Amino acid sequence: MRVMLADDAVLFREGMARVLTDVGFTVTGQAGDGAALLGLVRADPPDVAVIDLRMPPGFSAEGIDTAAAIRATVPGIGLMLLSQYVEVHHALRLMTEFDGGVGYLLKDRVSDLVAFGTDVRKVAGGATVIDPELVARLVARRRELDPLDKLTDRERAVLALMAQGLSNAAVAADLYLAIKTVEAHVTSIFSKLGLVQHDREHRRVLAVLTFLRA
26 MRVMLADDAV LFREGMARVL TDVGFTVTGQ AGDGAALLGL VRADPPDVAV IDLRMPPGFS
86 AEGIDTAAAI RATVPGIGLM LLSQYVEVHH ALRLMTEFDG GVGYLLKDRV SDLVAFGTDV
146 RKVAGGATVI DPELVARLVA RRRELDPLDK LTDRERAVLA LMAQGLSNAA VAADLYLAIK
206 TVEAHVTSIF SKLGLVQHDR EHRRVLAVLT FLRA
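Everything in the sequence shown is counted per our numbering, starting at 26 for the first residue and increasing by one.
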């Protein structure tokens, strides 16, 4: 399996090349920044590219931007991002903007040669590989940010029908509930979502928007 590498730290890049060679890969190119890697990929596409997340010139998100450019140019290439940092927003971008064949590992994982080689092969084969620590952060973030977790199952059902444009009377008929019961559920939904008393219909719209975003 053919692999290309991009990392501005020469010693780390050379060490990674040695690691991948030892576990059966053929390293066909190395680069110190995203632009150089993109040129190598376009000239001779590998099976997978292993890319540092933070590279020159800005040391912010150059790696994932390069990955996006590679995916747009050669869709079949696997893309493995490496980072020293747990950056949940980048992991979310990989999972939502890329259609498989991507990975995000912390550089500490590279010390486990067999596991690292296995993960790179999985990405080359179209799988998504996310570091366990990042997965834990993603789950925690969802729990922190999802306001619908506060709702009961019945309240979720009421809100789902509200999102379809149903009035309280129509929701009551659909769920075989009394209208007053539905009104009580709606009031509870507003309270749990932090929608303060203002304009009842305005709060209804905000509640539906919260449901759709979640």
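Don't be surprised by glycine CBs; every beta carbon is placed ideally from N, CA and C.
Quick caveat, the model's predicted, so the values are computed rather than measured.
Close CB contacts of Asp58 within its chain, under the 6 Å cut and outside five residues either way in sequence, are with Met80, Pro81 (chain order). In this structure, Leu104 and Val148 form a Cβ contact; the two beta carbons are roughly 7 Å apart against a cut-off of 8 Å. By DSSP's assignment, Arg27 forms a beta bridge with Thr51. For Val99, there is no enclosing alpha helix (DSSP H), as DSSP marks it with neither H nor E.
Pairing Ala185 with Arg38, the inter-Cα distance amounts to about 50 Å. Taking Val75 as reference, the option from Gly83, Thr206, Ile89 with the minimal CA-CA separation is Ile89.
Rounded to whole angstroms, Val139 and Thr46 show a C-alpha spacing of 12 Å. With distances taken between CA atoms, Asp124 lies nearest to Ala152 out of Asp144, Gly142, Ala152, Tyr110. Across the structure, Met26 and Gly126 are spaced so that their CA atoms are roughly 15 Å apart. Ranked by Cα distance from Ala86, the first of Val207, Leu176, Asp72, Leu107 is Leu107. Between the alpha carbons of Gly128 and Asp144 lies a gap of roughly 8 Å. Comparing C-alpha distances from Ala60 to each of Gly83, Met120, Val44 shows the shortest one belongs to Gly83.
Membership of Thr121 in the alpha helix (DSSP H) is indicated by the continuous run 113–122.
Relative to the Cα of Asp156, the nearest Cα in the group Leu117, Leu218, Gln55 belongs to Leu117. Put simply, the backbone Cα of Gly40 is about 10 Å away from that of Ser136.
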